[in-house]
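To start, the structure under review is shown below, and the notes come after it.
In this note's numbering, the protein residues as written are 11 to 321.
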């Protein structure tokens with residue numbers, strides 16, 4: 011299925027139809043490079059919707075991101091699937107770290123509803139990848155289910171990573187998993203497949219820039235491999251992926267290759283890519299509109315990456 015130039019997929023058992031390219035609103039937080047004004051945020055959010063993107067991911071932790079979204083595009087609420095997170099400290103406790111008590115979960119969701127200027131959240135994901143034991147200790151999942159029963163939350167998700175992801179999947183409680191993944195860091199590949207087999211929707215983050223919840227958040231694929239954390243740069247070079255750029259019909263930049271590699275993953279439903287730059291957004295849409303890599307190129311990239319990992 012296609013919305014404009016962007017393919018769409020069904021987000022697991024939620025039944026929500028989402029564009030394979032989503033928008034990651036973490037980029038509206040000034041911790042990641044530069045301060046973004048409300049006007050700049052509004053411009054890029056409207057441009058994302060105008061380009062056909064219909065999945066937006068944010069979090070209370072992302073500075074003014076939720077407020078910018080509410081201010082700019084609440085009037086277009088019917089055009090996008092809105093995902094945010096919980097377990098983040100509410101405004102009064104900023105800096106306190108993630109707290110997974112029922113009280114904090116409820117307070118966080120109520121805060122997000124106000125900030126985002128909406129009556130309901132399509133998906134609320136636990137932030138910070140808490141263990142199954144941590145979630146059970148204070149009734150965090152039950153708190154979200156209570157909000158779901160009130161119509162304030164439609165589906166429950168988990169922003170999960172190793173080492174807790176397998177236990178989170180085993181709970182069978184989550185409709186959606188957001189998991190880091192990219193060509194260069196594929197540690198979660200098997201668990202992504204397991205979550206998808208269980209019927210959960212799969213949201214990938216880091217699919218263009220990097221693929222792990224690590225200190226390399228600032229890595230810019232457009233500068234790879236000249237300025238990048240050592241491991242991703244070494245993986246790219248060891249797999250000789252530059253040699254495959256011209257094997258893509260019409261050629262591909264490194265950024266496009268990375269994005270289309272992620273889109274080639276059979277279990278992916280949407281990949282969230284953030285930017286506050288209108289030109290970069292247009293580049294992302296243009297690359298995503300070309301779809302997955304040709305099967306032979308994707309298979310060769312996987313073979314080379316497997317060989318590089320084994321070496």
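Using N, Cα and C, we set each Cβ at its ideal position, and we do this for glycine too.
Counted within 10 angstroms of its Cβ, other Cβ atoms place residue i as buried (16 or more) or exposed
{"i": "residue 200", "result": "exposed"}
{"i": "residue 311", "result": "buried"}
{"i": "residue 23", "result": "exposed"}
{"i": "residue 160", "result": "exposed"}
{"i": "residue 215", "result": "buried"}
{"i": "residue 234", "result": "Confidence in residue 234 is poor, its pLDDT being 38 and thus under 50, which makes the residue's placement unreliable; the coordinate value appears in the next sentence. It is buried - the Cβ of residue 234 has at least 16 other Cβ atoms within 10 Å."}
{"i": "residue 240", "result": "Any reading at residue 240 must be qualified, since the residue scores a pLDDT of 49, below 50, and its modelled position is unreliable; the value itself is stated next. The residue is exposed, with fewer than 16 neighbouring Cβ atoms inside 10 Å."}
{"i": "residue 181", "result": "exposed"}
{"i": "residue 266", "result": "buried"}
{"i": "residue 242", "result": "buried"}
{"i": "residue 88", "result": "exposed"}
{"i": "residue 132", "result": "buried"}
{"i": "residue 192", "result": "buried"}
Beta-bridge partners of residue i, as assigned by DSSP
{"i": "residue 215", "result": "190 and 282"}
{"i": "residue 131", "result": "163"}
{"i": "residue 19", "result": "28"}
{"i": "residue 67", "result": "34 and 93"}
{"i": "residue 136", "result": "96 and 168"}
{"i": "residue 195", "result": "192"}
Distance CB(residue i)-CB(residue j) smaller than 8 Å
{"i": "residue 288", "j": "residue 54", "result": "yes"}
{"i": "residue 67", "j": "residue 35", "result": "yes"}
{"i": "residue 179", "j": "residue 279", "result": "no"}
{"i": "residue 153", "j": "residue 115", "result": "yes"}
{"i": "residue 291", "j": "residue 57", "result": "yes"}
For residue i, the nearest candidate out of the options (CA to CA)
{"i": "residue 137", "options": "164, 100 and 128", "result": "100"}
{"i": "residue 202", "options": "157, 262, 247 and 275", "result": "275"}
{"i": "residue 260", "options": "300, 250, 45 and 292", "result": "300"}
{"i": "residue 298", "options": "61, 204 and 122", "result": "61"}
{"i": "residue 4", "options": "37, 116 and 207", "result": "Absent from the model: residue 4. The displayed extent of the chain is 11 to 321, so no value can be given."}
{"i": "residue 307", "options": "173, 20, 165 and 272", "result": "272"}
{"i": "residue 165", "options": "177, 188 and 84", "result": "188"}
{"i": "residue 20", "options": "198, 277 and 319", "result": "277"}
{"i": "residue 305", "options": "263, 254 and 123", "result": "254"}
Whole-Å CB distance - residue i paired with residue j, under 8 Å assumed
{"i": "residue 314", "j": "residue 249", "result": "4 Å"}
{"i": "residue 73", "j": "residue 40", "result": "6 Å"}
{"i": "residue 29", "j": "residue 64", "result": "5 Å"}
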